[in-house]
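Numbering (our numbering), first residue to last: 16 to 263.
For each residue, glycine too, the CB sits at the ideal point set by N, CA and C.
None of these values were measured; they are calculated from a predicted model.
Below: one structure, written as structure tokens.
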């Protein structure tokens, strides 16, 4: 017991002695983490643009009144947000069952790999849904396609935040989550409304064209999360190989 207490105190001391730059270096040394948060920021760029300009798009491009547009787009976003986030957590729990085979380190890596898999699949499926929903001049296409696309986007939230915690050492997890939030705002919803407004001005309020271009930004999560999935799978294989060699 005394030895365990000494070990705990020693680990706490190491954590307390680490400077901010040292913690930052540990967090940013993970290429899986960097791919995850950059893909998340790209996704937030699109969601932020939708949140700010979406109701106006439904008014101008689909010809609905302000009240109908607010009810349609607002209701769609609220429903898909709640349903998608909850479903994402349930699916993640399902896919990571039995992960790690009793090894805590392996469990975190396998869980991260499953989370990246789920994020990648949802990103691939959400892109055509949102692009077609925004591009087709029909409310009957917009509601189901954009609704499904938003559902898939929100489904990624639980896997993203869980993977961030799993892939970074517990001592620096708060910093990892904070950097994720910061990158979301700096590269995502803080700038997308401004850029979309500038594009609308430069195109003479071509709402459909601008929103289709915005939707194509969802290609970045695919290009970033597929490598994250590959990197996490490689880490799982490496740790399993080391474990098997140690048993031989």
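Worksheet item: According to DSSP, is residue 203 helix, strand or coil?
Response: Working through the chain shown from its first residue, we reach residue 203 at position 188. Note: residue 203 maps to helix in three-state DSSP.
Discussion item. Is the beta carbon of residue 124 closer than 8 Å to that of residue 174?
Written reply: What you label residue 174 is simply residue 159 of the chain shown in a count that begins at 1. What you label residue 124 is simply residue 109 of the chain shown in a count that begins at 1. No. Outside cutoff.
Worksheet entry | Assumed close pair residue 182, residue 47 - CB separation to whole angstroms, cut-off 8 Å | What you label residue 182 is simply residue 167 of the chain shown in a count that begins at 1. What you label residue 47 is simply residue 32 of the chain shown in a count that begins at 1. Between residue 47 and residue 182 the Cβ distance is about 5 Å, and since that is below 8 Å, they are a contact.
Worksheet entry | Secondary structure of residue 34, DSSP reduced to three states | As a first step, residue 34 is located in the chain shown; it is residue number 19 there, counting from the start. Note: residue 34 maps to coil in three-state DSSP.
Discussion item. On the DSSP letters alone, give me the boundaries of the alpha helix (DSSP H) that residue 235 sits inside.
Written reply: As a first step, residue 235 must be located in the chain shown, where it is residue number 220. Residue 235 -> alpha helix (DSSP H) spans 234-262.
Worksheet item: In chain order, which alpha helix (DSSP H) runs of at least 4 residues are fully inside the segment 41-84?
Response: 46-77
Worksheet entry | Length at least 4, wholly inside the segment 164-198: the alpha helix (DSSP H) runs in chain order | 172-182
Practice prompt. Give me the Cα-Cα distance between residue 139 and residue 247, rounded to the nearest whole angstrom.
Written response: Along the chain shown, read from residue 1 onward, the residue named residue 139 stands at position 124. Along the chain shown, read from residue 1 onward, the residue named residue 247 stands at position 232. Straight-line Cα distance between these residues: approximately 18 Å.
Practice prompt. Please classify residue 169: is it buried, with 16 or more other beta-carbons within 10 angstroms of its beta-carbon, or exposed?
Written response: Residue 169 sits at position 154 when you count from the first residue of the chain shown. Residue 169 is buried by the Cβ-count criterion.
Worksheet entry | Nearest to residue 165 (by Cα), restricted to the options 198, 130, 44 and 95 | If you number the chain shown from 1, residue 165 lands on position 150. Checking every option, the nearest Cα to that of residue 165 belongs to 95.
Worksheet item: Does the segment 57-67 come within contact of the segment 197-206, defined as at least 3 CB pairs closer than 8 Å?
Response: yes
Fill in: Residue nearest to residue 228 in terms of C-alpha spacing, selected from 80, 210 and 240
The count along the chain shown starts at 1 and reaches residue 228 at position 213. Answer by Cα proximity: 210.
Fill in: Residues near residue 26 in its chain [Cβ-Cβ closer than 6 Å; skip 5 each side]
Here residue 26 corresponds to residue number 11 of the chain shown, with the count starting at 1. The pLDDT assigned to residue 26 is 45, lower than 50, so where the model puts this residue is not dependable; a value taken from the coordinates is nonetheless given after this. Cβ neighbours of residue 26 beyond the five flanking positions: none.
Worksheet item: Does the segment 126-134 come close enough to the segment 183-195 that 3 or more CB-CB pairs lie under 8 Å?
Response: no
Item to complete: Drop a sphere of 10 angstroms on the beta-carbon of residue 265, count the other beta-carbons inside from all chains shown, and report buried for 16 or more, exposed for fewer.
Response: The shown model of the chain, from 16 to 263, leaves out residue 265, and the question about it has no answer.
Practice prompt. Tell me whether residue 55 is buried or exposed, calling it buried when 16 or more other Cβ atoms sit within 10 Å of its Cβ.
Written response: On the chain shown, position 40 is the one that residue 55 refers to. The residue in question, residue 55, is buried, as its Cβ has 16 or more Cβ neighbours within 10 Å.
Item to complete: Taking only the alpha-carbon atoms, compute the straight-line gap between residue 220 and residue 149 and give it to the nearest angstrom.
Response: Counted from its first residue, the chain shown places residue 220 at position 205. Counted from its first residue, the chain shown places residue 149 at position 134. Straight-line Cα distance between these residues: approximately 15 Å.
Practice prompt. Keeping to the same chain, check which residues put their C-beta closer than 6 Å to that of residue 241; ignore five residues upstream and five downstream.
Written response: Indexing the chain shown from 1 puts residue 241 at position 226. If we look at residue 241 and ignore the five residues flanking it on each side, its Cβ neighbours are 135.
Worksheet item: residue 113 by DSSP, collapsed to three states: which one?
Response: As a first step, residue 113 must be located in the chain shown, where it is residue number 98. Correct three-state label for residue 113: coil.
Worksheet entry | Proximity below 8 Å, CB of residue 72 to CB of residue 222 | As a first step, residue 72 is located in the chain shown; it is residue number 57 there, counting from the start. As a first step, residue 222 is located in the chain shown; it is residue number 207 there, counting from the start. In this structure, residue 222 lies closer than 8 Å to residue 72 by Cβ.
Worksheet item: Looking only at its own chain, which residues have a Cβ that is under 6 Å from the Cβ of residue 41, when we skip the five neighbours before and after it?
Response: Start at 1 with the first residue of the chain shown, and residue 41 comes out as number 26. These residues qualify, in order along the chain: 187.
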